[in-house]
Amino acid sequence: MNKTSYILPSDLVLDIKTRLKTLSGQLNGIVKMLEESKDPEQINIQFKSVDKGLQKAHYLLLDEVYRKALAIGIVKAVDSCPGNCGNEEKIDYLKKEFPNIALNDLTDKLKEIQTIEKRLKDFNEKKL
574 MNKTSYILPS DLVLDIKTRL KTLSGQLNGI VKMLEESKDP EQINIQFKSV
624 DKGLQKAHYL LLDEVYRKAL AIGIVKAVDS CPGNCGNEEK IDYLKKEFPN
674 IALNDLTDKL KEIQTIEKRL KDFNEKKL
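Following our numbering, the numbering of the sequence shown begins with 574 at its first residue and continues without gaps.
1) Reducing DSSP to helix, strand and coil, say where asparagine 575 ends up.
2) Quick check: what's the CA-CA separation for lysine 605 versus isoleucine 616?
3) With DSSP collapsed to three states, give me the class of aspartate 612.
4) Would phenylalanine 620 pass as a contact of alanine 644 if the rule is Cβ separation under 9 Å?
5) Would you kindly work out how many angstroms separate the C-alpha atoms of isoleucine 603 and cysteine 658, rounded to a whole number?
6) Determine whether the beta carbon atoms of leucine 693 and alanine 650 lie at a separation below 9 Å.
7) Grab me the residues of glutamate 637's own chain with a C-beta within less than 6 Å of its C-beta, minus the 5 sequence neighbours each way, in chain order.
8) Look at isoleucine 689 and lysine 663 and say whether their C-beta atoms are less than 9 Å apart.
9) Look up glycine 659 in the DSSP assignment and say whether it is helix, strand or coil.
10) Please classify lysine 590 as buried or exposed, where buried requires at least 16 other C-beta atoms within 10 Å of its C-beta.
11) DSSP three-state call for proline 582: helix, strand or coil?
12) Check whether the Cβ atoms of tyrosine 639 and leucine 581 sit closer than 9 Å, and answer yes or no.
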């Protein structure tokens, strides 16, 4: 993936920081529960809660960054393809499927669009 500088929206950063601070408190609570030999079932519930919270924070970050990068890549590809670039079907497919792409598929789709962008760049340079 290309190293593109991207500034996260401040509301997203605040949300993730708040979530992580909450998780930090929960982790400290788990340590205390362990020190006090609390009920293992209650400790397990807290572990699950922390895990779920961390996954959610991670999801919010990845969804914002990767989905935006993919959207930008698709727009660039659409703009670069004059209609006979040999990638029309794949670009159209990604454009139509964009709203339905699952988070765990975003990195693969990003690689696809970056490959297409490289091909389009080569295609357009040959035309000049």
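Beta carbons: idealized from backbone N, C-alpha and C, even for Gly.
According to the data block:
1) Position 2 of the sequence shown, counting from 1, holds the residue named residue 575. Confidence at asparagine 575 is low in this model, with a pLDDT of 48, below 50, so the placement of that residue is unreliable and no value is reported for it.
2) Residue 605 sits at position 32 when you count from the first residue of the sequence shown. Residue 616 sits at position 43 when you count from the first residue of the sequence shown. Rounded to whole angstroms, lysine 605 to isoleucine 616 spans 10 Å at the Cα level.
3) Mapped onto the sequence shown, residue 612 falls at position 39. The answer is coil: DSSP assigns aspartate 612 none of H, G, I, E or B.
4) Within the sequence shown, the letter at position 47 stands for residue 620. Within the sequence shown, the letter at position 71 stands for residue 644. No; because the gap between Cβ atoms is not below 9 Å, this pair is not in contact.
5) One-based indexing of the sequence shown puts residue 603 at position 30. One-based indexing of the sequence shown puts residue 658 at position 85. In a straight line, the C-alpha of isoleucine 603 is about 57 Å away from that of cysteine 658.
6) Mapped onto the sequence shown, residue 693 falls at position 120. Mapped onto the sequence shown, residue 650 falls at position 77. Taking 9 Å as the Cβ cut-off, leucine 693 and alanine 650 qualify as a contacting pair.
7) Position 64 of the sequence shown, counting from 1, holds the residue named residue 637. So the qualifying residues of the chain are Leu585.
8) Working through the sequence shown from its first residue, we reach residue 689 at position 116. Working through the sequence shown from its first residue, we reach residue 663 at position 90. Cβ distance < 9 Å, so isoleucine 689 and lysine 663 count as in contact.
9) Residue 659 sits at position 86 when you count from the first residue of the sequence shown. In this structure, glycine 659 counts as coil in the three-state DSSP scheme.
10) The count along the sequence shown starts at 1 and reaches residue 590 at position 17. Looking at its Cβ environment, which holds fewer than 16 other Cβ atoms inside 10 Å, lysine 590 is exposed.
11) Taking the sequence shown and counting its residues from 1, one reaches residue 582 at position 9. Correct three-state label for proline 582: coil.
12) The count along the sequence shown starts at 1 and reaches residue 639 at position 66. The count along the sequence shown starts at 1 and reaches residue 581 at position 8. Cβ distance not < 9 Å, so tyrosine 639 and leucine 581 don't count as in contact.
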